[in-house]
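Structure record follows, encoded as structure tokens.
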Amino acid sequence: LPFCSMDFLLCANSQAVKARIIEKVGELLFQLLPKTKQASAKIFSIFKKMRPEIVLSAAGQKIILYAPDNDSMPEQTISDVLMNLDKTAIAAKKRVVIFMDEFQQVGQLNDGHTVEAAIRHAVERSKNVSYVFSGSNRHMLLQMFSEKSRPFYRLCETMVLNRIGEADYVPFIQKQSKIKWKKETPSDVLRFILSLSERHPYYVNLICNHLWMEGELPSIETIELFWKKYIESEKSIFVTELSSLSNNQKIIMLALAKKPTHQPFHNDYLKMTGLTISSQKQALNKLILRDCVFTNELGIVSVLDPGMKSYIAFSEGL
Numbered sequence: 198l199p200f201c202s203m204d205f206l207l208c209a210n211s212q213a214v215k216a217r218i219i220e221k222v223g224e225l226l227f228q229l230l231p232k233t234k235q236a237s238a239k240i241f242s243i244f245k246k247m248r249p250e251i252v253l254s255a256a257g258q259k260i261i262l263y264a265p266d267n268d269s270m271p272e273q274t275i276s277d278v279l280m281n282l283d284k285t286a287i288a289a290k291k292r293v294v295i296f297m298d299e300f301q302q303v304g305q306l307n308d309g310h311t312v313e314a315a316i317r318h319a320v321e322r323s324k325n326v327s328y329v330f331s332g333s334n335r336h337m338l339l340q341m342f343s344e345k346s347r348p349f350y351r352l353c354e355t356m357v358l359n360r361i362g363e364a365d366y367v368p369f370i371q372k373q374s375k376i377k378w379k380k381e382t383p384s385d386v387l388r389f390i391l392s393l394s395e396r397h398p399y400y401v402n403l404i405c406n407h408l409w410m411e412g413e414l415p416s417i418e419t420i421e422l423f424w425k426k427y428i429e430s431e432k433s434i435f436v437t438e439l440s441s442l443s444n445n446q447k448i449i450m451l452a453l454a455k456k457p458t459h460q461p462f463h464n465d466y467l468k469m470t471g472l473t474i475s476s477q478k479q480a481l482n483k484l485i486l487r488d489c490v491f492t493n494e495l496g497i498v499s500v501l502d503p504g505m506k507s508y509i510a511f512s513e514g515l
């Protein structure tokens with residue numbers, strides 16, 4: 198299935214978004230290009246205003262598209278490029294997929310809503326192009342698709358990817374353990390890895406990558422030693438993030454690191470933080486917006502990053 202992936206994290210304005218889309222659509226066009234010259238000419242005619250040409254790069258052949266000269270309306274160009282891609286896919290009798298990553302960045306641009314509207318215009322008219330939108334800041338991304346004032350309101354089906362379950366991790370890790378050590382990792386060690394990492398994919402991979410470089414079958418003691426060294430090595434990152442929080446936000450982070458809860462506004466929890474319910478709600482909402490805390494599949498509010506949680510615990514002597 199022809200596809201392309203584009204990352205908007207470093208796009209600071211609509212011109213950068215336009216350039217990224219044009220570049221990646223050009224790469225996708227090459228996948229759709231028929232073998233015969235006559236059929237290829239038809240494809241090229243759809244994009245004739247963008248003067249398409251085939252070039253040879255270090256990564257192989259690709260198609261380069263050129264934006265209109267003195268393009269003062271990048272939103273219109275974005276919409277045109279995506280709609281022309283759909284026309285091309287129809288002409289080629291193929292279905293294609295566009296994967297737009299870190300899409301929440303588009304909404305943070307000064308002219309983000311007009312860019313969103315331009316992309317929506319093409320998406321809702323698409324017949325042969327399917328779109329997948331993702332981002333690392335789940336709250337900001339969900340806002341784009343759930344707020345009535347936003348162009349993408351209810352345009353797509355939302356798919357929330359929860360953390361991989363223990364039932365899926367265990368057989369995979371044990372299979373790798375047998376390959377590495379000819380035996381399974383002890384069940385208590387495996388439970389400790391998943392508990393310490395809280396099944397966060399980054400930390401599961403981090404811990405296992407380190408363990409798999411060792412010569413011996415892992416133990417709880419070796420994991421604890423590695424984890425403490427890792428948290429200490431990342432101290433500056435955790436300190437910087439905590440320093441950017443308000444005092445009330447820090448209080449809640451400390452409380453949630455000590456005691457995750459499904460009732461953050463219960464009287465007992467308010468007594469623990471010493472905050473009023475309005476201050477607690479305001480601070481907690483800000484932390485959710487920043488992806489510092491989250492509500493897991495069991496409805497428990499907790500610190501999102503297990504590494505940050507451990508840093509706070511170590512710092513407080515917990």
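Numbering (the working numbering), first residue to last: 198 to 515.
Glycine included, C-beta positions come from ideal geometry on N, C-alpha and C.
Applying the 10 Å Cβ sphere with the 16-neighbour rule, what's the burial state of residue i?
i              : result
proline 368    : exposed
alanine 289    : buried
glutamate 413  : exposed
threonine 437  : exposed
glycine 362    : exposed
glycine 443    : It is worth fixing the name first, because residue 443 is serine in this sequence and not glycine. Serine 443 should be labelled exposed.
asparagine 307 : exposed
aspartate 502  : buried
serine 155     : The structure shown does not extend to residue 155, since the chain spans only 198 to 515, so no value can be given for it.
tyrosine 354   : One point to set straight first is that residue 354 is glutamate, not tyrosine, in the sequence displayed. So glutamate 354 ends up on the exposed side.
threonine 285  : buried
arginine 351   : exposed
lysine 221     : buried
Give me the Cα-Cα distance between residue i and residue j, rounded to the nearest whole angstrom.
i              : j                 : result
arginine 217   : phenylalanine 491 : 31 angstroms
arginine 388   : valine 498        : 22 angstroms
serine 269     : tyrosine 263      : 14 angstroms
leucine 198    : arginine 317      : 23 angstroms
alanine 238    : leucine 495       : 56 angstroms
isoleucine 275 : glycine 304       : 15 angstroms
leucine 481    : serine 475        : 10 angstroms
serine 323     : isoleucine 404    : 43 angstroms
serine 343     : glycine 309       : 16 angstroms
cysteine 489   : isoleucine 449    : 11 angstroms
lysine 215     : aspartate 283     : 17 angstroms
leucine 410    : glutamate 429     : This sequence places methionine at residue 410; leucine is not what is there. Roughly 20 angstroms between the two C-alpha positions.
serine 392     : lysine 468        : 28 angstroms
lysine 375     : glutamate 381     : 5 angstroms
glutamine 460  : tyrosine 466      : 8 angstroms
Grouping DSSP H, G and I as helix and E and B as strand, with all else coil, what is residue i?
i              : result
aspartate 277  : helix
serine 440     : helix
leucine 253    : strand
methionine 356 : coil
glutamine 305  : coil
threonine 311  : helix
threonine 285  : helix
For the candidate residues the options, whose alpha-carbon lies nearest to that of residue i?
i              : options                        : result
threonine 470  : Lys456, Glu418, Ala315         : Lys456
glutamine 479  : Gly496, Lys447, Thr458, Asn334 : Lys447
glutamate 421  : Phe349, Phe511, Leu501, Ser476 : Phe511
isoleucine 336 : Thr311, Tyr366, Gln302         : A small correction: the amino acid at residue 336 is histidine; isoleucine does not occupy that position in the sequence shown. Out of Thr311, Tyr366, Gln302, Gln302 has the C-alpha closest to the C-alpha of histidine 336.
leucine 486    : Asp283, Val222, Met341         : Met341
methionine 356 : Ile370, Leu338, Leu408, Lys380 : Leu338
aspartate 204  : Pro415, Gln477, Met297, Glu220 : Met297
alanine 209    : Ile240, Glu299, Glu250         : Glu299
serine 333     : Ile251, Leu358, Ala315         : Leu358
Stretch-stretch touch, CB-based, cutoff 8 angstroms, three pairs: the stretch 322–329 with the stretch 275–287: yes
Inter-stretch contact at 8 angstroms, needing at least 3 Cβ pairs: the stretch 235–254 / the stretch 292–300: no
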